[in-house]
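Trainee: The structure's right below; bear with me while I get my questions together.
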Amino acid sequence: DSGVTQTPKHLITATGQRVTLRCSPRSGDLSVYWYQQSLDQGLQFLIQYYNGEERAKGNILERFSAQQFPDLHSELNLSSLELGDSALYFCASSEGLATSLGAAGELFFGEGSRLTVL
Amino acid sequence: AQSVTQLDSHVSVSEGTPVLLRCNYSSSYSPSLFWYVQHPNKGLQLLLKYTSAATLVKGINGFEAEFKKSETSFHLTKPSAHMSDAAEYFCVVIPRGGYNKLIFGAGTRLAVHP
């Protein structure tokens, strides 16, 4: 058990709808990351938050947004859903910003939220 | 740009035989490389990491990987496979200055047969 909790585990919705995925990081971790895993694109970094502030962006669509709350949990909002948004969305956390190589790369992943868009 | 290529999408071994999962990297500088494992219906877990110290890196569960600059490779090995090793394995590189923006390879699915 990584200590990262994601809800819901499974979600089925229709095109055009909006969903919210929730993530609680490990206790004490200030950084939260969102990754998308799909069959055609593989695992891709979406966005990172650190202590409530956005720190890095990856291949995140404009229809998607995220935020990190004062209690450090994070939400990923996906709107105007398309069939191609069907994927496994992972949240990960780490203690800090990993501004040095020695601290880099060790993220703790949740079990993911599987989104199916019909 | 940095990238990793996992040379095999599927590898099948018998229990007790060696495991070799191959990864080549592309980077304009000395990279930081990692292997992550994803068991069915589970999140990803860090197996090991290379950050320019010793070229032979030991990880959890008996896995190790060797960084070979001349071959631009970072292959994952284990002397003897266990049934519990069946999972998907990802080779990962970190871009310069983006220490936690992990760049994943396509993954290698390891099957272990009795």
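These protein sequence lines are chains A and B, in that order. Reading the first sequence from the start, the letters are residues 23 to 140 in the working numbering. Reading the second sequence from the start, the letters are residues 2 to 115 in the working numbering. Note that beta-carbon positions come from the ideal geometry of N, C-alpha and C, so glycine has one too. Note that the structure is a prediction, hence the values are computed from the model and not measured.
Could you check which residue in B:C92, B:T18 and B:Q39 has the C-alpha nearest to that of A66 of chain B?
Mentor: Out of B:C92, B:T18 and B:Q39, B:C92 has the C-alpha closest to the C-alpha of A66 of chain B.
Trainee: Within 10 angstroms of its Cβ, does T57 of chain B collect 16 or more other Cβ (buried), or is it exposed?
Mentor: First, the amino acid is wrong: residue 57 of chain B is Leu here, not Thr. L57 of chain B comes out exposed.
Trainee: Quick one: what does DSSP say N62 of chain B is sitting in, helix, strand or coil?
Mentor: If DSSP states are grouped into helix, strand and coil, N62 of chain B belongs with the helices.
Trainee: Drop a sphere of 10 angstroms on the beta-carbon of K102 of chain B, count the other beta-carbons inside from all chains shown, and report buried for 16 or more, exposed for fewer.
Mentor: It counts as buried.
Trainee: If you run the structure through DSSP and keep just helix, strand and coil, what is S85 of chain B?
Mentor: Reduced to three states, the DSSP call for S85 of chain B is helix.
Trainee: When DSSP builds the beta bridges, which residues end up paired with F143 of chain A?
Mentor: Because chain A here runs from 23 to 140, residue 143 of chain A falls outside it and cannot be looked at.
Trainee: Just to make sure I have the definition right: I need the residues of chain B whose C-beta is within less than 8 Å of the C-beta of Q70 of chain A. Which are they?
Mentor: Under the 8 Å cutoff, chain B gives N101 and K102.
Trainee: What number of angstroms, rounded off, separates the C-alpha of A107 of chain B from the C-alpha of R23 of chain B?
Mentor: Roughly 12 Å between the two C-alpha positions.
Trainee: Assign G17 of chain B to one of two classes, buried (16 or more other C-beta atoms within 10 Å of its C-beta) or exposed (fewer than that).
Mentor: The residue in question, G17 of chain B, is exposed, as its Cβ has fewer than 16 Cβ neighbours within 10 Å.
Trainee: From the beta carbon of K70 of chain B, is the nearest beta carbon of chain A less than 7 Å away?
Mentor: No - not a single Cβ of chain A is within 7 Å of the one on K70 of chain B.
Trainee: Rounded to the nearest angstrom, what separates S46 of chain A and T138 of chain A at their Cα positions?
Mentor: Their Cα atoms are separated by approximately 22 Å.
Trainee: For G106 of chain A, does the count of other Cβ atoms within 10 angstroms reach 16, so buried, or fall short, so exposed?
Mentor: G106 of chain A is exposed by the Cβ-count criterion.
Trainee: Closest Cβ-Cβ distance between S49 of chain A and chain B: below 7 Å?
Mentor: No, because no Cβ of chain B sits closer than 7 Å to the Cβ of S49 of chain A.
Trainee: Output the boundary residues of the beta strand (DSSP E) element that contains H11 of chain B.
Mentor: Run containing H11 of chain B: H11 to S15, per the beta strand (DSSP E) assignment.
Trainee: By a C-beta neighbour count over all protein chains shown, 10 Å radius and 16 as the cutoff for buried, is F21 of chain A buried or exposed?
Mentor: This structure cannot settle anything about residue 21 of chain A, because the visible part of chain A is limited to 23 through 140.
Trainee: For H83 of chain B, count neighbouring Cβ atoms within 10 angstroms of its own Cβ and tell me buried if that reaches 16, exposed if not.
Mentor: H83 of chain B is exposed by the Cβ-count criterion.
Trainee: Quick one: is F91 of chain A near chain B, going by C-beta distance under 7 Å?
Mentor: It does not; no Cβ of chain B falls within 7 Å.
Trainee: Per DSSP, what kind of secondary structure is G106 of chain A in: helix, strand or coil?
Mentor: Residue state, collapsed to three classes: helix.
Trainee: If the criterion is Cβ atoms closer than 7 Å, does the pair G60 of chain B and F131 of chain A meet it?
Mentor: Contact: no.
Trainee: Is G44 of chain B close to chain A? Criterion is C-beta to C-beta, closer than 7 Å.
Mentor: Output row for G44 of chain B: interface = yes.
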